[in-house]
Amino acid sequence: MGNESINWDKLGFDYIKTDKRYLSYWRNGSWDKGTLTSDNVLHISEGSTALHYGQQCFEGMKAYRCKDGSINLFRPDQNALRMQRSCARLLMAQVETEDFIEACKAVVRANERFIPPYGTGGALYLRPFVIGVGDNIGVRTAPEFLFSIFAIPVGAYFKGGLTPHNFLISSYDRAAPQGTGAAKVGGNYAASLMPGSEAKKAHFADCIYLDPMTHTKIEEVGSANFFGITHDNTFVTPKSPSVLPGITRLSLIELAKSRLGMEVIEGDVFIDKIGDFKEAGACGTAAVITPIGGIEYNGKLHVFHSETEVGPVTQKLYKELTGVQTGDIEAPEGWIVKV
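The sequence shown runs 53 to 391 under this note's numbering.
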């Protein structure tokens, strides 16, 4: 089941070469059958549009070992759909949902020995991506595309349990008002490197981006989505054409409604109204939920529930979602694909 050379308790979020990865090429209007390979080096043209014009997108998802030894893929159809939207935005060939899921399952099976054991808090992280390749130099869509998926074992994001973190409001924009903010493309992340680095130098976990049009509304927390819990127990999360529609965010919205009986609002989250929230958090594939202890804005730190303790609603949401992912709690229909 496992790989004896790996210390499961010390796994972080770092690259580890695993046994196999999936490769498929789009040429002459269609994708080939695809293959699994042990080679973790891509061989592409120096003129590839991915290198010069940023024509690429990616996904992040996880496979979990369950108590009974089976393997769960969490909502891979949603990752497939989002990748299709990203590809459409960048004029790249799209991968059909069924093909995407089958490729993910093949990669998980081929690297099963790298899946962290049940109970360790770890998972097998999958990174599907599509890039523009082929001989080219002009600013146009690529003549060929490459679709690949690799996998790495990752540990529990929080060693010793959930821990609140403080964040800094950034003066930089993450994405343009009508740009690629809603697509999961590398350029969005490249733009976040300097603001994130500056926030960390100031002893914050990361920065929070406001809307690029008015700089009055919270949009994203580093590379994650924002949510807040109001004093009357309403789950609120930003809605904007420049916010990435996260799968974890979508899942928390649905669980807050169906399992916790909460009202959910997707809309504007004004920075000068953060006092309306008793709890706040960032959500994404890596950590599931990062509790937000406080947010610094205009030189003042606003603290939510606590800088050291996690709020009760955030704890319930985290327990419900991670329980669904690992098979300990019954999942809503269609959320889990067995490998």
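All C-beta atoms, glycine included, are put in the ideal place defined by N, C-alpha and C.
Output yes or no for whether 7 Å exceeds the beta carbon distance between GLY106 and GLY239.
Going by C-beta atoms, GLY106 is nearer than 7 Å to GLY239.
Within 10 angstroms of the Cβ of ASP225, are there 16 or more other Cβ atoms? Answer buried if so, exposed if not.
With 16 or more other Cβ atoms within 10 Å, it is buried.
Rounded to a whole number of angstroms, what is the C-alpha to C-alpha distance between ARG73 and VAL159?
Here the alpha carbons of VAL159 and ARG73 stand approximately 6 Å from one another.
Given this structure, state the Cα-to-Cα distance separating GLY171 from ALA227, to the nearest angstrom.
When the Cα atoms are used, GLY171 and ALA227 turn out to be separated by approximately 38 Å.
Close-in-space but distant-in-sequence residues of the same chain around ILE270 (CB under 7 Å, 5 per side omitted)
The answer, listed in chain order, is ILE260, LEU262, PHE278, PRO290, VAL321 and ILE323.
Pop quiz: GLY81 and ASN188 are said to be a contact at Cβ under 8 Å. What is the actual Cβ separation, rounded to whole angstroms?
GLY81 to ASN188, Cβ: 17 Å. No contact.
For GLU148 and PHE181, what's the separation of their Cα atoms in angstroms?
In this model, GLU148 and PHE181 are separated by some 13 Å (Cα to Cα).
How long is the line joining the alpha carbons of MET53 and GLY379, rounded to whole angstroms?
Unreliable placement is indicated for MET53, whose pLDDT of 43 sits below 50; no coordinate value is reported for it.
Classify GLU164: buried if its beta carbon has 16 or more other beta carbons within 10 angstroms, exposed otherwise.
Taking every protein chain shown into account, the CB of GLU164 has 16 or more other CB atoms within 10 angstroms, so this residue is buried.
Could you check what DSSP says for MET53 in three-state terms: helix, strand or coil?
With a pLDDT of only 43 at MET53, under the threshold of 50, the placement of this residue in the model should not be trusted; the figure read from the coordinates follows. Here MET53 carries a coil assignment [DSSP, helix/strand/coil].
Can you name, in chain order, every residue of its own chain whose Cβ lies under 6 Å from the Cβ of ASN59, other than the five neighbours on each side?
Same-chain partners within the cutoff: there are none.
From the DSSP secondary-structure annotation, give me the bridge partner or partners of ALA242.
Paired residues: none, contrary to the question.
Roughly how many angstroms separate the alpha carbons of GLU196 and ILE68, rounded to a whole number?
Using only the alpha carbons, I get a separation of about 28 Å.
List, from N- to C-terminal side, the beta strand (DSSP E) runs of 3 residues or more that fit wholly inside the segment 112-151.
Restricting attention to beta strand (DSSP E) runs no shorter than 3 residues, the segment 112-151 encloses them at 113-117 and 123-126, ordered along the chain.
Taking all protein chains shown into account, decide if GLU361 is buried (16 or more other Cβ within 10 angstroms of its Cβ) or exposed.
With a 10 Å radius around the Cβ and a threshold of 16 neighbouring Cβ atoms, GLU361 comes out exposed.
What whole-angstrom Cβ distance do GLY333 and ILE347 have, given they're in contact under 8 Å?
Taking 8 Å as the upper bound for CB-CB distance, GLY333 and ILE347 are not in contact here, some 11 Å apart.
Is the separation between the beta-carbon of GLU331 and that of VAL355 shorter than 7 Å?
Judged by their CB atoms, GLU331 and VAL355 are not nearer to each other than the 7 Å cut-off.
Using only the alpha-carbon positions, how far apart do GLY375 and ILE381 sit?
Approximately 5 Å between the Cα atoms of the pair.
Give me, in chain order, the residues of the same chain whose beta-carbon lies closer than 7 Å to that of GLU154; leave out the 5 immediate sequence neighbours on both sides.
Same-chain partners within the cutoff: there are none.
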